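Engineer: The structure's right below; bear with me while I get my questions together.
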């Protein structure tokens with residue numbers, strides 16, 4: 016992601032009133048955090064500018080960030096202080112499929128499913144039936160291959176709080 020892309024991303028977040036956003040394939044080297052206007056970008060990458068995940072947070076939420084958890088260039092998480100229970104927001108770069116997903120589940124998809132079962136999580140964006148054109152979150156150049164790469168996981172206990180989940 017180049018700086019002009021970050022500026023566009025921030026404008027879209029503001030327009031759609033999004034306070035926290037996970038981003039994949041940022042393609043920045045290393046790990047860290049960058050402040051840009053009213054937003055802070057927490058990112059995790061490797062020595063090469065490949066994959067790289069990030070979480071973009073509005074200044075109204077930054078004060079709630081308790082901890083940044085970096086696993087590797089495919090997984091980053093932020094722990095946020097919340098009223099009832101702390102909130103863990105993860106951004107994971109992995110290709111998988113769910114029950115209302117797109118295509119067939121692969122081995123990594125099964126690993127995510129197993130992780131969710133072990134940790135009492137629901138994949139909310141595959142929980143809602145959507146038209147096929149609303150399922151994919153990435154399309155290949157040339158507009159022929161489409162994939163569902165982004166997932167929103169919520170504790171089973173709070174799943175009824177989610178009324179809709181989709182992509183912009």
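Residue numbers (my numbering): 16 to 183.
No residue lacks a Cβ here, since even glycine has one placed at the ideal position from N, Cα and C.
Fair warning: this is a prediction, and the values are worked out from it, not measured in the lab.
#1: Can the beta-carbon of residue 58 be found closer than 7 angstroms to that of residue 69?
#2: Going by Cα to Cα distance, which pick from 179, 177 and 93 is closest to residue 72?
#3: How should residue 106 be labelled, buried or exposed, when 16 other C-beta atoms within 10 angstroms of its C-beta is the threshold for buried?
#4: Looking at residue 81 and residue 34, is the spacing between their C-beta atoms short of 7 angstroms?
#5: Should residue 184 be labelled buried (16 or more other beta-carbon atoms within 10 Å of its own) or exposed?
#6: Using DSSP with H/G/I as helix, E/B as strand and the rest coil, what is residue 34?
#7: From what residue to what residue does the beta strand (DSSP E) around residue 50 run?
#8: Near residue 25, what residues of its chain come up, given a Cβ to Cβ distance below 8 angstroms and the 5 sequence neighbours on each side ignored?
#9: Could you pull the start and end residues of the alpha helix (DSSP H) that residue 86 belongs to?
#10: Per DSSP, residue 161 forms a beta bridge with which residues?
#11: By alpha-carbon positions, which one of 154, 96 and 143 ends up nearest to residue 174?
Structural biologist: Straight from the coordinates:
#1: yes
#2: 93
#3: buried
#4: no
#5: The shown model of the chain, from 16 to 183, leaves out residue 184, and the question about it has no answer.
#6: coil
#7: 46-51
#8: 51, 52, 53, 54 and 71
#9: Careful: residue 86 lies outside any alpha helix (DSSP H), inside the beta strand (DSSP E) at 80-87.
#10: 154
#11: 143
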